[in-house]
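Quick note, the sequences are listed as chains A and B, same order. Residue numbers are given in the numbering used here: position 146 of the first sequence equals residue 262, and the series is strictly consecutive. Residue numbers are given in the numbering used here: position 137 of the second sequence equals residue 282, and the series is strictly consecutive. The beta carbon of each residue, even a glycine, is placed where N, CA and C say it ideally should be. It should be emphasised that the depicted structure is a prediction, and the values quoted were computed from it without experimental measurement. Below is one structure, written out as structure tokens; comments come after it.
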Amino acid sequence: MTYCVDMILPFDYQTPKTLKEACRLLGEAKGKAKVIAGGTDLVIRLRNEEEKPDLLVDVTCLEELKGIEESDGTLSIGATVTHSEISDSSIVKRYGSVLAKAASQIGSPQIRNLGTIGGNIINASPAADTLPALMVLNAVGRVVSSESEREVPVRQLLESPYKSALKPDELLVRIQFKKLSQDTCCSFHRLARREAMAIARMSLALLFRMRDGNISDFRFSPGAVLPVPDRLEEVETFLEGRSPEEDLLRAAACKVSEAIVKRSGIRPSTSYKAPVIEALFLRAMREAMQQCQSNK
Amino acid sequence: MEVNLRFTLNGRMIHVMVPPHWTLLRVLRETLGLTGTKEGCGIGECGACTVLMNGKPVNACLILAPKAEGKSIETVEALASQDSLHPLQKSFIQHGAVQCGFCTPGILMSAKALLEDKPHPDKEEVKEAISGHLCRCTGYQQIIEAIQRVGEKVKR
Chain A
117 MTYCVDMILP
127 FDYQTPKTLK
137 EACRLLGEAK
147 GKAKVIAGGT
157 DLVIRLRNEE
167 EKPDLLVDVT
177 CLEELKGIEE
187 SDGTLSIGAT
197 VTHSEISDSS
207 IVKRYGSVLA
217 KAASQIGSPQ
227 IRNLGTIGGN
237 IINASPAADT
247 LPALMVLNAV
257 GRVVSSESER
267 EVPVRQLLES
277 PYKSALKPDE
287 LLVRIQFKKL
297 SQDTCCSFHR
307 LARREAMAIA
317 RMSLALLFRM
327 RDGNISDFRF
337 SPGAVLPVPD
347 RLEEVETFLE
357 GRSPEEDLLR
367 AAACKVSEAI
377 VKRSGIRPST
387 SYKAPVIEAL
397 FLRAMREAMQ
407 QCQSNK
Chain B
146 MEVNLRFTLN
156 GRMIHVMVPP
166 HWTLLRVLRE
176 TLGLTGTKEG
186 CGIGECGACT
196 VLMNGKPVNA
206 CLILAPKAEG
216 KSIETVEALA
226 SQDSLHPLQK
236 SFIQHGAVQC
246 GFCTPGILMS
256 AKALLEDKPH
266 PDKEEVKEAI
276 SGHLCRCTGY
286 QQIIEAIQRV
296 GEKVKR
């Protein structure tokens with residue numbers, strides 16, 4: 117009865133009940149431990165022997181990493197909150213709808229019931245679906261170890277493709293962002309070879325408000341087209357304070373593809389991705405503008 | 146290293162000792178002999194290994210065994226009773242929704258979770274609920290009809 121193909125190399129497994137114990141285990145393992153939350157990325161990497169940890173530290177029993185909390189101006193999401201919980205949350209839909217939209221399009225229902233927001237960040241995939249949304253929300257992660265505690269903007273949690281900037285003894289505990297005001301218009305779009313399950317070929321998140329007919333506080337982040345997800349400031353500055361006429365939006369779309377080529381270089385996929393990200397950007401802008409109309 | 150696991154499996158509390166690097170899928174099939182749950186791709190893309198964990202569909206191939214601790218797991222074996230098939234199973238047969246049958250156990254579990262949440266799903270809701278499943282015989286239309294029909298029967 118040992119025909120089963122899901123062969124994974126052995127490791128020890130701990131499920132700490134307190135944050136202190138989790139930090140101690142990670143500290144003592146000196147880089148030989150991996151944190152596991154939902155496991156939707158890690159288990160595949162274990163299977164492919166891309167990771168060979170001595171120990172897995174399961175963080176899904178830690179209270180500090182659970183729940184979605186709302187305070188005066190801030191929304192705080194525990195690192196082990198699943199994509200399903202985020203996309204179903206009425207608070208996230210109200211104050212950070214761009215994130216709820218992104219979470220609702222990840223993988224499949226089964227993946228969304230397991231995968232967590234903290235895992236999506238720390239796995240640091242260039243194609244991670246929640247990252248563009250978190251970028252435009254100016255989200256900040258709270259990172260804890262036995263010795264220290266720090267707050268790090270999500271962009272700074274990412275080092276290079278599939279590598280987070282966390283030290284081996286550090287743990288991402290929560291993700292926080294300022295609630296969006298109700299007149300914010302936002303959009304998230306994702307393109308993949310098919311709708312469900314496939315990894316995003318391209319995605320993008322954007323948001324802004326309209327002030328006296330002009331675009332204000334414009335934020336934009338494309339996904340799966342940069343080695344490490346980021347905001348595109350050149351596009352943001354270009355549109356800031358200007359009236360969203362069709363010609364201007366088209367010019368901005370060109371800036372989007374230019375900026376991406378500048379950062380990622382000409383790749384085999386560029387002749388496809390450049391025109392398509394432009395079209396995706398225009399679609400997202402028009403959708404967000406319609407929201408602005410109906411917000412009035 | 147082995148871990149001591151206690152969880153509810155198809156309504157019964159069970160206790161097993163398994164290595165922590167085994168997946169829940171492997172525990173179900175090899176330790177517990179419940180071979181209704183299938184392994185297709187092994188990387189969470191095909192949905193053949195779908196079981197319910199605390200009522201929600203999940204890929205058993207992506208769940209390491211220790212994660213089952215204290216949870217309620219339901220597999221396709223829970224559907225039929227001693228003397229009759231589950232309404233979903235009957236409907237699948239009536240609508241010709243089973244071809245090679247390899248994707249069927251997983252889809253039945255996603256369908257069960259859907260109908261418990263929304264007893265009368267529309268077509269889009271059914272499609273969304275089974276979007277994490279591949280049927281390589283491509284019999285999706287009959288599968289969607291079979292699931293929707295059960296919802297309609299409940300209504301009457």
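According to DSSP, A/TYR129 shares a beta bridge with A/LEU172. Setting aside the 5 residues that flank it on each side, B/ALA223 is surrounded in the same chain by ASN155, each with a C-beta closer than 6 Å to its C-beta; the list follows chain order.
The beta carbon of A/SER220 is closer than 6 Å to those of SER203 in its chain, skipping five residues each way along the sequence. Between the beta-carbon of A/LEU178 and that of A/PRO132 there is about 7 Å, and that keeps the pair under the 8 Å contact cut. Note that the region 259-269 of chain A does not touch the region 216-236 of chain A; fewer than 3 beta-carbon pairs, one per stretch, sit closer than 8 Å.
Residue range 362-380 is occupied by the alpha helix (DSSP H) that includes A/ILE376. Residues of the region 194-215 of chain B whose Cβ lies closer than 8 Å to any Cβ of chain A, in chain order: THR195, MET198, LYS201, PRO202, VAL203, ASN204, CYS206, LEU207, ILE208, LEU209, PRO211, LYS212, GLU214.
Between A/ALA240 and A/TYR278, the C-beta spacing is below 7 Å.
Per DSSP, reduced to three states, the secondary structure at B/ILE208 is coil, with no helix or strand assignment. Within chain B, no residue has its CB atom less than 9 Å from the CB of A/GLY329, the nearest being about 37 Å off. Pairwise C-beta distances place the region 273-289 of chain A in contact with the region 336-344 of chain A, as three or more of them are shorter than 8 Å. For A/ASN229, the neighbours in chain B by C-beta distance under 7 Å run, in chain order, LYS201, PRO202, VAL203.
In the three-state reduction of the DSSP assignment, A/LEU307 falls in the strand class.
Close partners of A/PRO126 in chain B (Cβ separation under 9 Å): MET146, PRO164, PRO165, HIS166. Residues of the region 174-191 of chain B with a C-beta less than 8 Å from any C-beta of chain A: ARG174, GLU175, GLU184, GLY187, ILE188, GLY189, GLU190, listed in chain order. At a cut-off of 7 Å between C-beta atoms, B/SER217 does not count as an interface residue with respect to chain A.
With contacts defined as CB atoms closer than 7 Å, A/ALA218 and A/ASP245 qualify as a contacting pair. Annotation note: the region 172-258 of chain B contains the following uninterrupted beta strand (DSSP E) runs of length 3 or greater, listed N- to C-terminal: 195-198, 201-204, 217-219. A distance below 7 Å separates the beta carbons of B/ILE288 and B/ALA242. With at least 16 other beta carbons inside 10 angstroms of its own, A/ASN236 counts as buried. For B/GLY277, the nearest beta carbon of chain A is closer than 7 Å to its own beta carbon.
At a cut-off of 7 Å between beta carbons, A/GLY155 contacts chain B. Scanning its chain for C-beta atoms nearer than 6 Å, with the 5 sequence neighbours on each side dropped, one finds around B/ALA291 the residues SER236, PHE237, HIS240, ALA242, in chain order. A distance below 7 Å between beta-carbons, with the five flanking residues on each side excluded, links B/ALA225 to the following residues of its chain, in chain order: HIS231, GLN234. A/HIS199 sits in a helix when the DSSP states are folded into three classes.
Against chain A, a Cβ distance below 8 Å from B/SER255 picks out PRO225, GLN226. Per the C-alpha coordinates, the member of A/GLU374, A/LEU172, A/GLU362, A/ALA321 positioned closest to A/PHE304 is A/ALA321. A contact between stretches requires three or more CB pairs, one per stretch, nearer than 8 Å, and the region 206-216 of chain A meets this requirement with the region 280-299 of chain A. Rounded to the nearest whole angstrom, the C-alpha separation of A/VAL268 and A/GLY143 is 20 Å. About 6 Å separates the beta carbons of A/MET318 and A/LEU396, which is inside the 8 Å limit, making them a contact pair. A/LEU181 and A/ARG271 have their C-alpha atoms roughly 20 Å apart. Listed along the chain, the chain A residues whose CB falls inside 7 Å of the CB of B/ALA225 amount to none; the nearest CB is some 22 Å away.
Listed in chain order, the non-local C-beta contacts of A/SER380 below 7 Å within the same chain comprise VAL341, LEU342, PRO343, local neighbours out to five positions each way being set aside.
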